[in-house]
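Step one of this worksheet: look at the structure below.
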Amino acid sequence: MLVDSHCHLDRLKLDKFDGDLDTVLDLARSRGVGKFLCVGISLENADAVVEIASRYEDVVCSVGVHPLDVDSGMADVERLVEMANQPNVVALGETGLDYYYSTDTQEIQQQSFIAHLKAAGQAELPVIVHTRDAREDTIALIKEHGNTNTAGVLHCFTESWDMAKAALDLNYYISLSGIVTFKNAEELRDVARRLPLDRLLVETDSPYLAPVPYRGKPNIPAYVREVAEFIADLRGIPYEELAEITSENFFRLFPRAV
Numbered sequence: 488m489l490v491d492s493h494c495h496l497d498r499l500k501l502d503k504f505d506g507d508l509d510t511v512l513d514l515a516r517s518r519g520v521g522k523f524l525c526v527g528i529s530l531e532n533a534d535a536v537v538e539i540a541s542r543y544e545d546v547v548c549s550v551g552v553h554p555l556d557v558d559s560g561m562a563d564v565e566r567l568v569e570m571a572n573q574p575n576v577v578a579l580g581e582t583g584l585d586y587y588y589s590t591d592t593q594e595i596q597q598q599s600f601i602a603h604l605k606a607a608g609q610a611e612l613p614v615i616v617h618t619r620d621a622r623e624d625t626i627a628l629i630k631e632h633g634n635t636n637t638a639g640v641l642h643c644f645t646e647s648w649d650m651a652k653a654a655l656d657l658n659y660y661i662s663l664s665g666i667v668t669f670k671n672a673e674e675l676r677d678v679a680r681r682l683p684l685d686r687l688l689v690e691t692d693s694p695y696l697a698p699v700p701y702r703g704k705p706n707i708p709a710y711v712r713e714v715a716e717f718i719a720d721l722r723g724i725p726y727e728e729l730a731e732i733t734s735e736n737f738f739r740l741f742p743r744a745v
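Going from the sequence shown to the working numbering is simple: count from 1 and add 487.
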């Protein structure tokens, strides 16, 4: 079995699938995908991801506020813990820091990230972390406010090996997306080769960042197979082994997803 550890099912364009999410999920299932984590990004879409997870036995969800969505609404620790206690919620996030697209909201991003880290500790849930151009602050805030027992994952990882190692030392996992297949992603491929297999997850981040050979097209959960096959080839191991290991890692990190 393979797991898509990070997708945005509420944001998929379904016009090519007769407007039916079932068709999209069935296509992924036919390619061996047995679990989907539908990730929340704002207070506005929290209900949507929880509702989707309630409809399918193989879909779970997370709730949280993306660093680029903090302007649309923040949640304090108490609210986040309350959101985390809903059925089928297995993690908080995605949260984190993004200084690439937004430098004028750094302070509010940090406040939001801290709230998620504290809430995750109280709810005993892992955290899904988005980080871009904020390496030092991301690691520093995890060290100061995170819970290393429940820890979390740096999703759609695009940073350096040094940052990956710092996260691994904090008991975090690293999730790789279709970006690892891109022609200009050699530094990321080096990270993919060096990561301990027991800390590796795979994802699509669909509908974004479709892997080669679908780059530039809308991404769907079925394409997590291309990500896994590429990494397996990169590591010199059978695809089946990579799929089994990353699935075991997923359920270890997100025990509520079992």
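Just so it is clear, CB atoms sit at the ideal spot from N, CA and C, and this is done for glycine as well.
For the 9 Å CB-CB criterion, A610 and L567 form a contact.
Relative to the Cα of E690, the nearest Cα in the group I661, L675, E673 belongs to I661. Going by C-alpha positions, D545 is about 20 Å away from L687.
With respect to G580, H642 sits close: the two C-beta atoms are nearer than 9 Å. With a minimum length of 3 residues, the unbroken runs of beta strand (DSSP E) contained wholly in the region 488 to 555 fall at 489 to 494, 520 to 525, 546 to 550. In this chain, R743 is not harboured by any beta strand (DSSP E), its DSSP state being neither H nor E. Counting C-beta pairs closer than 8 Å gives three or more between the region 509 to 516 and the region 700 to 708, which meets the contact rule. Counting the other CB atoms within 10 Å of its CB gives P698 a total of 16 or more, which places it among the buried residues. Taken through DSSP and simplified to helix, strand or coil, S599 comes out as helix.
Taking C-alpha positions only, F738 is separated from M561 by approximately 29 Å. Around the beta carbon of V745, fewer than 16 other beta carbons lie within 10 angstroms, which makes this residue exposed.
Under the three-state reduction of DSSP, T733 is assigned to helix. At the C-beta level, A651 and R681 come within 9 Å of one another. With fewer than 16 other Cβ atoms from the protein chains shown falling within 10 Å of its own Cβ, S541 counts as exposed.
Here N575 is buried: its Cβ has 16 or more other Cβ atoms, across all protein chains shown, within 10 Å. By a beta-carbon distance limit of 8 Å, T618 contacts L584. Their separation comes to about 6 Å.
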